[in-house]
Each structure stands twice: as C-alpha cells, then as structure tokens.
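Notes to accompany the following structure.
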Amino acid sequence: VQLQASGGGLVQTGGSLRLSCAASGIIASSYDMAWYRQTPGMQRELVAAISIGNVWNYADSVKGRFTISRDTGKNMVYLQMNGLKPEDTAVYYCKAEDRLRYRTYWGQGTLVTVSS
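Quick note: the sequence shown uses the numbering used here, first residue 8, plus one each step.
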C-alpha cells in the first residue's frame, strides 16, 4: 500500500495550492481519507477529512478556505487550499483509514511553505 502525496511548495500569503494523494494497493473510495499537517515540535493535526459516505470534516482554522475531495476513478484524494496564511506552513500528510478492519495507512509528507 502506498499513498503518494504531492503538490506542496512555496506560495505567498493569499495564494493557493492543490495537494494530491495518489493511492495504490487500496481502493481509496473504500477508506475514510484525510489530510493532516505537522510543524516541528507539534503534534500532527487533522486538517480535513472525507468519509466513505463523502461526509466532510474540517479544522476550524481552515473552514471556508480548504476543500477536500476525492476522484474515485483516479483513486486520488485532493486538498484545495485557498487563501493560504503563514500559519498554514507545515508538512502535510495523507491518511487512509478502514475503521472496520483497523487498517491505517499514511503517506509521506509534502511541505507547504507560505511566505508573509
């Protein structure tokens, strides 16, 4: 199983980025998918999640700016990030979770840096 995250980079305040998570070895539509982020010395925090039933959940800090979505045909999950702020700077991780079978997979991170 592999979750390949990509799309990070350097952007100015107010800019946009779209992160992609390509899943292989699993059918992503059969998993609850989520994006987390982590900064040095801090715990990994939930940014956005989309359930198997396509119910969304967002951290309060990103509501109205970020959108999580999935493309079942491409086995991909995306995080569209608009109105980026310096406090959004972090390494972003993709996660797949099958709660019934107690399976959790993490991708490698992709770094997002927002300059002020």
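Where is the CB? At the ideal position from N, CA and C, for every residue including glycine. Source: prediction; values computed, not measured.
* What are the boundary residues of the beta strand (DSSP E) that ILE59 is part of? -> Premise fails: ILE59 is in no beta strand (DSSP E) and is neither H nor E.
* For ALA35, three-class secondary structure by DSSP -> Three-state result, ALA35: helix.
* What residues in its chain sit with their C-beta under 6 angstroms from that of SER31, if we drop five residues either side in the sequence? -> If we look at SER31 and ignore the five residues flanking it on each side, its Cβ neighbours are GLN9.
* How is ASP78 classed by DSSP in three states: helix, strand or coil? -> In the displayed model, ASP78 falls within a strand according to three-state DSSP.
* Asked: What whole-angstrom Cβ distance do ASP95 and TYR38 have, given they're in contact under 8 angstroms?
  -> So it is not a contact: roughly 25 angstroms between Cβ atoms.
* For THR120, which of PRO47, ARG110, ARG77 and GLN11 has the nearest alpha-carbon? -> Distances from the CA of THR120 to each of PRO47, ARG110, ARG77 and GLN11 were compared; the closest alpha carbon is that of PRO47.
* **Own chain residues within Cβ distance below 8 angstroms of THR20, not counting five before or after** => Within the same chain, LEU91, LYS92, PRO93, VAL121, SER122 and SER123 come within 8 angstroms of THR20 by CB-CB distance, once the 5 residues on both sides are set aside.
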